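Single-structure report; data block below.
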Amino acid sequence: MDKIGTDITRAASILAQGGLVGIPTETVYGLAANAFSPEAVVKIFEAKKRPLFDPLIVHTHSLEAALVFVTAIPNRARKIFDAFAPGPITILLERNKEKIPDLVTSGLDTVAVRIPNHPVTLNLLQELNFPLAAPSANPFGYVSPTTAQHVQQHLGAEVDYILDGGASEVGLESTIVGFEDGKVIIYRLGGLSVEDIEGVVGKVELQVNSSSDPRAPGQLKSHYAPGKKLYLEGSEPKGSDYSKAAYIGFDNLHKDIKPENQLLLSKGGNINEAAQKLFAALRKTDALDVDIVISAKFPESGLGMAINDRLKRAAG
Ligand code: TXA
Ligand code: MG
């Protein structure tokens, strides 16, 4: 049987039996398993070749359902969820250790909770009596998938089924937020902008730059990387051969690179459109006959901050 399809009942039954399913979300596709089952969750780490110290996000359909596996939902978390969930935001909450196995959180006291905004996956979650642990459905270190075909390309042999929900609309992983000493901290920039979050809870602190903190290995420096060496525009080696370079730009072509090797993310200069297309463009550069990839620097506001973050990490 074809592994890609739209059969939610089939996906639910595979998950109930401890299998792995690729799921669509508005950010990127996830590689999902029963979050209450260590036997199911370990398959995620094996499929992705992901180190066990890198904790997973737990996906659920509502705050009420989340109350089963966290000890409490503090007021500020509730405010953020009320404003943006379902949506591209993940919040670190205190874990109910009876429900969420150590493997899911790498033994941390917190669990990352997300309510994804995709009708197919929300329907799926409603059919299940457990939440879904799901990292992005890419091999560890590679670019995240934004279509069912991307999942098939690299993890087709490892998954039991891939639910096709079309291309992810946001295109960047969720923004990860937590609380420390009364402060709101952003641990990963993502599909919900800092400005939007500050509009609801006031000033936040960014802690997105450390590269060795096991609390958010998504912060690992070399991550989201395509097969070709990537440079931020201006930092490519002197004397680079532009006839063998690809360009990922915003709305303007690079003057020295062949037009057929250039991928503009939004000709109209729309930053949300650029975010939506970024990962597919990075993947496309793998197939081009070039030696290096050069990327533009995007405006540092709205989703531009998260785009620049991913490009910096891809550059390593
Ligand atoms: O948009 C998304 O968030 C996607 C879709 C599939 O939901 N998922 C995703 O998962 O990006 P993943 O595993 O690729 O990234 C999850 C990040 C990792 O960097 C991990 O370290 C961090 O979340 N994380 C998970 N649980 C955590 C926790 N308890 N404390 C701190 N960081 C945590
Ligand atoms: Mg990931």
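Numbering (this note's numbering), first residue to last: 679 to 994. Note that beta-carbon positions come from the ideal geometry of N, C-alpha and C, so glycine has one too. In this text the structure is predicted, and so the values were computed from the model without any measurement.
- Under the Cβ criterion (8 Å, minimum of three pairs), the region 960-967 does not count as touching the region 835-848.
- Contact between the region 804-814 and the region 717-737 is established, with three or more Cβ pairs separated by less than 8 Å.
- According to DSSP, residue pairing for L810 in a beta bridge involves N712 and H737.
- Straight-line spacing of the CA atoms in H796 and K727 works out to 26 Å.
- Rounded to whole angstroms, the separation of the alpha carbons of S871 and P766 is 9 Å.
- For the pair V699 and V837, the CB atoms are nearer than the 8 Å cut-off.
- Secondary structure note for S973: it is in no alpha helix (DSSP H), and the uninterrupted beta strand (DSSP E) holding it is I970 to S973.
- Around the C-beta of T799, 16 or more other C-beta atoms lie within 10 Å, and the residue is accordingly described as buried.
- In this structure, DSSP gives I758 a helical state, which the three-state scheme calls helix.
- Taking each of T788, G980, N712 and D929 in turn and checking the Cα distance to G947, the smallest one comes out for D929.
- Distances taken from the Cβ of R792 to the heavy atoms of the ligand TXA include one shorter than 7 Å.
- The residue from S715, N753 and A952 with its alpha-carbon nearest to that of A694 is S715.
- Under the three-state reduction of DSSP, L781 is assigned to helix.
- Taking the CA atoms as reference points, D859 sits about 16 Å from I769.
- Scanning I875, A953, K933 and V848 for the CA closest to the CA of R754 turns up I875.
- Judged by their CB atoms, V719 and E851 are not nearer to each other than the 8 Å cut-off.
- Excluding its 5 nearest sequence neighbours in each direction, R792 has C-beta neighbours in its own chain below 6 Å: I735, H737, T768 and S852, listed in chain order.
- In this chain, L941 is not harboured by any alpha helix (DSSP H); it is covered by the beta strand (DSSP E) spanning Q940 to L942.
- Within the same chain, V748, T749, A750, D787 and T788 come within 7 Å of E772 by CB-CB distance, once the 5 residues on both sides are set aside.
- Annotation: R688 to I682 spans about 11 Å, alpha carbon to alpha carbon.
- Excluding five sequence positions before and after A761, the CB atoms of its chain that fall closer than 6 Å to its own CB belong to V878, given in chain order.
- Per DSSP, the beta-bridge partners of Y909 are I972.
- Judged by DSSP in its simplified three-state form, G982 adopts helix.
- Listed in chain order, the non-local C-beta contacts of G697 below 7 Å within the same chain comprise D838, local neighbours out to five positions each way being set aside.
- For D842, the shortest C-beta to heavy atom distance toward the ligand TXA is 7 Å or greater.
- Approximately 22 Å separates the beta-carbon atoms of S822 and E911; this is outside 8 Å, ruling out the contact.
- If you check the C-beta of E876 against the ligand MG, you find no heavy atom less than 7 Å away.
- Sequence-distant partners of L741 (beyond 5 residues in either direction) whose C-beta falls short of 8 Å from its own C-beta, in its chain, are I751, R756, F759, A763 and I793.
- DSSP lists Q940 and I972 as the bridge partner or partners of Y925.
- Distances between the C-beta of S784 and the heavy atoms of the ligand MG are all 7 Å or more.
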